[in-house]
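Notes to accompany the following structure.
Residue numbers (my numbering): 120 to 256.
Here you go:
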């Protein structure tokens, strides 16, 4: 099983409300989390931070432990190819005005309640709910 890692970039807005960053997928333009393959020589946590920068233009401090894990099949992958995705919270410290995929994706800050309606897949909603439980405790 191939390992992927994802980030849930988050910040607190001026009113002290928790917001997370969503990005659009390249092909279908769906709201998703920054996610990708764990790079050779990098751990899942570092790869999640790399994806957050490449896809969403954010830099921050990534938690050492994932807040959620899920199994999925990529839409364009062979039927038998499954992925184990580790999802890491990442406190955003810097939002770059330019980033590698800025012309391929949109980024959007959203409250968790709004993000739960924006993402389309059950597994992403479950990961966001796990993040919400961990950060509201």
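Think of the CB as a built atom: it goes at the ideal place given N, C-alpha and C, for glycine as much as any other residue.
With a minimum length of 4 residues, the unbroken runs of alpha helix (DSSP H) contained wholly in the stretch 133-210 fall at 163-175. Residue nearest to residue 183 within the set 205, 132 and 236 is 205 (criterion: CA-CA distance). Rounded to whole angstroms, the separation of the alpha carbons of residue 232 and residue 241 is 14 Å. Between residue 221 and residue 126 a beta carbon distance of about 17 Å is seen, past the 8 Å cut, so the two are scored as non-contacting. Residue 130 sits in a strand when the DSSP states are folded into three classes.
Within the DSSP bridge table, the entry for residue 245 names no partner.
Of the other Cβ atoms in all chains shown, 16 or more fall within 10 Å of the Cβ of residue 224; this residue is therefore buried.
In the structure shown, the three-state DSSP call for residue 227 is strand.
With the rule of 3 Cβ pairs closer than 8 Å, the stretch 166-174 does not count as touching the stretch 245-253.
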